[in-house]
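Q:
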Amino acid sequence: MSDDADSYSRRMALAPARTALSIAQRQFDAAADALGLEDSLRSVLRELKRELVVHFPVEMDDGSFRVFTGFRVQHNIARGPAKGGLRFHPALTLDDVRALAMYMTWKSAVVELPFGGAKGGVICDPKQLSLTELERMTRRFTTEISLIVGPDRDIPAPDLGTGPQVMAWIMDTLSMHAGYSVPAAVTGKPTAIGGSEGRSGATGRGLSTVTVQAMRDRGLDPSDATVAVQGFGKVGCVTAELLAASGMRVVAVSDTSGGCYRGDGLDLVALRTLKEEGGHIEDYGAADRISNDELLRLDVDVLVPAAVEGQITGANAAGVRAHVIAEGANAPVDPEADAILNDRGALVLPDILANAGGVVVSYFEWVQDLQAYFWAAGEVNARLKEVMMRSYHQVHARAEQDAVPLRDAAYRIAVQKVAEATEVRGIYP
Ligand code: GLU
Numbered sequence: 482m483s484d485d486a487d488s489y490s491r492r493m494a495l496a497p498a499r500t501a502l503s504i505a506q507r508q509f510d511a512a513a514d515a516l517g518l519e520d521s522l523r524s525v526l527r528e529l530k531r532e533l534v535v536h537f538p539v540e541m542d543d544g545s546f547r548v549f550t551g552f553r554v555q556h557n558i559a560r561g562p563a564k565g566g567l568r569f570h571p572a573l574t575l576d577d578v579r580a581l582a583m584y585m586t587w588k589s590a591v592v593e594l595p596f597g598g599a600k601g602g603v604i605c606d607p608k609q610l611s612l613t614e615l616e617r618m619t620r621r622f623t624t625e626i627s628l629i630v631g632p633d634r635d636i637p638a639p640d641l642g643t644g645p646q647v648m649a650w651i652m653d654t655l656s657m658h659a660g661y662s663v664p665a666a667v668t669g670k671p672t673a674i675g676g677s678e679g680r681s682g683a684t685g686r687g688l689s690t691v692t693v694q695a696m697r698d699r700g701l702d703p704s705d706a707t708v709a710v711q712g713f714g715k716v717g718c719v720t721a722e723l724l725a726a727s728g729m730r731v732v733a734v735s736d737t738s739g740g741c742y743r744g745d746g747l748d749l750v751a752l753r754t755l756k757e758e759g760g761h762i763e764d765y766g767a768a769d770r771i772s773n774d775e776l777l778r779l780d781v782d783v784l785v786p787a788a789v790e791g792q793i794t795g796a797n798a799a800g801v802r803a804h805v806i807a808e809g810a811n812a813p814v815d816p817e818a819d820a821i822l823n824d825r826g827a828l829v830l831p832d833i834l835a836n837a838g839g840v841v842v843s844y845f846e847w848v849q850d851l852q853a854y855f856w857a858a859g860e861v862n863a864r865l866k867e868v869m870m871r872s873y874h875q876v877h878a879r880a881e882q883d884a885v886p887l888r889d890a891a892y893r894i895a896v897q898k899v900a901e902a903t904e905v906r907g908i909y910p
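Mapping of the sequence shown onto this note's numbering: residues 482 to 910, in sequence order.
1) Measuring straight from C-alpha to C-alpha, what distance separates Ala659 and Gly631?
2) By Cβ distance, which residues of its chain are closer than 8 Å to Gly744, with the 5 residues on each side in sequence left out?
3) Can you look up Thr550 in the DSSP assignment and give me helix, strand or coil?
4) Relative to the C-alpha of Arg507, which candidate in Ala858, Asp815, Ile636 has its C-alpha closest?
5) Is it the case that the Cβ atoms of Val842 and Arg680 are separated by a distance below 7 Å?
6) Taking 6 Å as the line, does the beta carbon of Gly687 fall inside it for any heavy atom of the ligand GLU?
7) Using only the alpha-carbon positions, how far apart do Arg523 and Leu784 sit?
8) What's the C-alpha gap between Ala911 and Val734?
9) Short check: CB of Thr684 to CB of Asn862, under 7 Å?
10) So, do the stretch 533-543 and the stretch 585-597 have three or more beta carbon pairs nearer to each other than 8 Å?
11) Need the endpoints of the alpha helix (DSSP H) that Cys718 sits in, please.
12) Going by the CB atoms, is the gap between Phe549 and Gly602 shorter than 7 Å?
13) Please name the residue or residues paired with Gln711 in a DSSP beta bridge.
14) Check whether the Cβ of Lys866 sits closer than 6 Å to any heavy atom of the ligand GLU, and report yes or no.
15) For His918, does the count of other Cβ atoms within 10 angstroms reach 16, so buried, or fall short, so exposed?
16) Which residue's Cα is closest to the Cα of Val719: Gly800, Gly839, Leu779, Lys608?
17) Can you tell me whether Ala890 is buried or exposed? The criterion is at least 16 other CB atoms within 10 Å of its CB, across all chains shown.
18) So is Val905 buried or exposed if we call it buried at 16+ other beta carbons inside 10 Å?
19) Who are the Cβ neighbours of Pro831 in its own chain at under 7 Å, not counting the five residues just before and after it?
20) Excluding sequence positions up to five away, which residues of its chain have a Cβ less than 6 Å from the Cβ of Ala902?
21) In terms of alpha-carbon separation, which member of Met652, Leu641, Lys564 lies closest to Arg634?
Put into structure tokens, the structure is as follows:
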């Protein structure tokens with residue numbers, strides 16, 4: 482390992498900056514310290530392998546052209562092709578994408594998928610684009626990143642601001658370039674073109690599975706528990722419904738507009754309908770209005786932050802009263818908040834384990850596409866449950882063994898797997 486790489490990594494370790502990447506690297510460093518990883522290996526794993534930044538023009542409906550900026554970042558591919566979502570968001574930065582790519586490496590490793598980690602996206606507000614503009618933008622972005630993506634190299638999937646239709650355009654664009662259909666090049670597609678049954682609700686399903694199990698292990702009775710869910714989107718909505726189906730009372734949910742609270746339980750069907758019709762949670766009449774900040778501080782048993790990163794920080798963590806915090810979003814709890822919650826004895830179910838259900842079913846989708854053999858919904862859900870339970874038990878056992886919180890345990894398992902793969906492959910040439 483060169484001195485340059487080593488001193489760069491030392492500089493980063495000392496850097497006071499609190500960017501998303503520096504937080505991700507701090508979490509990695511803690512695991513690397515605990516595992517006693519040697520410096521050279523550490524400097525490989527805490528760095529991003531490959532980063533592509535693209536600026537590309539798109540014709541708008543009025544005939545003008547607008548230049549968009551997009552990214553695809555691969556953190557590590559020692560254990561298999563890179564895997565991770567594409568985010569369309571106006572505030573997206575390269576730093577966010579780097580951190581999220583690193584999280585994907587650990588997430589794939591902790592649930593034992595044969596993937597590395599990647600993330601990407603475009604700086605844009607998809608709600609401000611017409612459907613045709615969104616399609617042209619997606620197709621051109623796909624063309625720009627086609628240099629590094631593909632079924633054996635890097636497989637995108639949905640994330641914030643993207644969904645099955647965007648994945649369909651990506652699959653079609655890559656297939657047009659190849660001259661034949663390449664369904665395994667992207668996951669989270671509609672089932673009509675090789676998408677998997679159960680993919681759209683997979684993150685929420687996996688999250689509710691580990692949440693219920695963790696509660697039982699803590700002696701909390703799910704049928705006697707209350708829940709608040711921040712973010713009533715793809716992840717939060719399904720999680721709320723499945724936790725309610727297992728007997729819990731969902732008393733609060735929110736979206737970016739704000740939230741609503743009802744002590745005897747919310748009507749989730751009515752709230753889903755409201756969202757599907759384009760409404761906002763704060764418009765819901767049959768409950769009290771609350772702010773997102775109030776929701777985080779509710780006296781509930783389970784809090785599910787399922788919106789975006791950085792919601793529970795050193796500034797507000799002392800006000801969080803839930804016994805279990807189940808991370809539906811990526812990095813919703815920062816390291817200062819983590820320490821405060823752990824000191825209080827709260828149980829934090831870490832993102833790289835808790836929200837891995839999405840990428841688990843993405844893996845199933847990729848396998849089904851490669852084999853051109855598709856599974857029924859019941860089989861997908863049963864296999865998802867098996868993977869989530871196995872991973873949860875491994876993380877739980879490691880946490881007991883090392884006497885550390887679940888996040889540290891999950892990171893130790895994940896980093897160890899990626900380190901082993903990197904070491905056994907050796908450094909080329
Ligand atoms: N975007 C999701 C995540 O952060 C899913 C990634 C995937 O399916 O590849 O886990």
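Every residue, glycine too, gets a C-beta built ideally from N, C-alpha and C. Every value quoted in this text rests on a predicted model; they were computed, and no experiment measured them.
A: Looking at the coordinates:
1) Straight-line Cα distance between these residues: approximately 10 Å.
2) Answer for Gly744: Val732, listed in chain order.
3) Strand.
4) It is Asp815 whose Cα lies nearest to the Cα of Arg507.
5) A Cβ-Cβ contact shorter than 7 Å links Val842 with Arg680.
6) If you check the C-beta of Gly687 against the ligand GLU, you find no heavy atom less than 6 Å away.
7) In a straight line, the C-alpha of Arg523 is about 34 Å away from that of Leu784.
8) Residue 911 lies beyond the range of the chain shown here (482 to 910); nothing can be said about it.
9) Against a cut-off of 7 Å, the Cβ pair of Asn862 and Thr684 comes out as no contact.
10) In short, these stretches do not touch, since the Cβ pair count stays below three.
11) Segment 715-726, the alpha helix (DSSP H) holding Cys718.
12) Not in contact: Gly602 and Phe549 (Cβ atoms no closer than 7 Å).
13) Per DSSP, Ser735, Pro786.
14) Checking the Cβ of Lys866 against the ligand GLU gives no.
15) Given a span of 482 to 910 for the chain in the structure shown, any question on residue 918 remains unanswerable.
16) Measuring from the Cα of Val719, the nearest candidate turns out to be Gly839.
17) Buried, because 16 or more other Cβ atoms sit within 10 Å of the Cβ of Ala890.
18) It counts as exposed.
19) Correct list, in chain order: Glu808, Leu887, Arg888, Ala891.
20) Ala559, Arg560, listed in sequence order.
21) Ranking Met652, Leu641, Lys564 by Cα distance to Arg634 puts Lys564 first.
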